Amino acid sequence: MRANPMLLGLVMAGLGGAVFIGSWQYSPLPGQSYGSDTMPRAVGAFGICVAGALLLQAGAARDLVPRLSAPDWMREPRALAGLAAVPAAVLAYCLLSGWLGFVPVIFALLCALMALQRTPVLRMLLLAALATALVQQIFGRLLLVPLPRGVLSGLF
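Using UniProt numbering, the first residue of the sequence shown is number 1, and each one after it goes up by one.
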């Protein structure tokens with residue numbers, strides 16, 4: 001989808017404002033002038049500034065009607081399947097990772113996403129294995145994020 005600056009500016013203003021207003025309920029850290037509200041407020045303020053720049057750009061170009069247009073690639077079923085595959089993969093991870101575990105689910109999802117893009121099989125398997133191992137080591141061992149182990153609980 002292609003949106004003109006007016007539409008993007010309005011959406012960005014809404015999102016930035018929502019993040020900024022939503023961060024007011026966060027409590028500051030005791031004894032410090034910043035806390036858990038600092039970063040969301042900064043992100044929200046930045047979003048509002050970007051929205052202002054987009055709205056100024058739309059005003060300068062006299063493009064004041066919000067518009068959304070679909071590019072040619074969105075008329076292809078394969079492209080739409082690729083677009084729908086990403087949220088479907090996130091949903092599949094949420095539903096399956098607790099039972100099967102992080103490693104098999106991520107490997108299978110990466111293989112499925114690459115197969116949808118017609119990646120050659122050997123390259124797909126190697127990249128999926130490498131990416132799965134790398135992410136598991138970085139998050140599971142280095143950053144100590146508790147990844148679901150599922151059926152592989154005794155292996156690592």
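For every residue, glycine included, the Cβ atom is placed at its ideal position computed from N, Cα and C. A quick note: this is a predicted structure, and the numbers were derived from the prediction, not measured.
Euclidean distance between Cα positions of residue i and residue j
i: V11; j: S23; result: 18 Å
i: L142; j: S153; result: 18 Å
i: L122; j: A128; result: 10 Å
i: G16; j: L29; result: 23 Å
i: I48; j: N4; result: 17 Å
i: A89; j: S27; result: 34 Å
i: G35; j: V43; result: 14 Å
i: R75; j: P87; result: 19 Å
i: P120; j: Y93; result: 23 Å
Residue i in three-state terms, based on DSSP
i: G98; result: helix
i: A85; result: helix
i: P104; result: helix
Beta-bridge pairing of residue i - partner residues as DSSP gives them
i: P28; result: G35
i: A3; result: L68
Residue i vs residue j beta-carbon contact at 7 Å
i: A13; j: A51; result: yes
i: S69; j: R118; result: no
i: L54; j: L8; result: yes
i: A79; j: W73; result: yes
i: L110; j: A131; result: yes
Exercise. Say whether the region 105–117 touches the region 60–70, bearing in mind that this needs 3 or more beta-carbon pairs closer than 8 Å, one atom from each stretch.
Key: Counting Cβ pairs under 8 Å, fewer than three are found: no touch.
Quiz item: Taking three-plus beta-carbon pairs below 8 Å as touching, is the region 94–106 in contact with the region 143–150?
Solution: Using a C-beta cut-off of 8 Å, the region 94–106 makes contact with the region 143–150, since at least three inter-stretch Cβ pairs fall below that distance.
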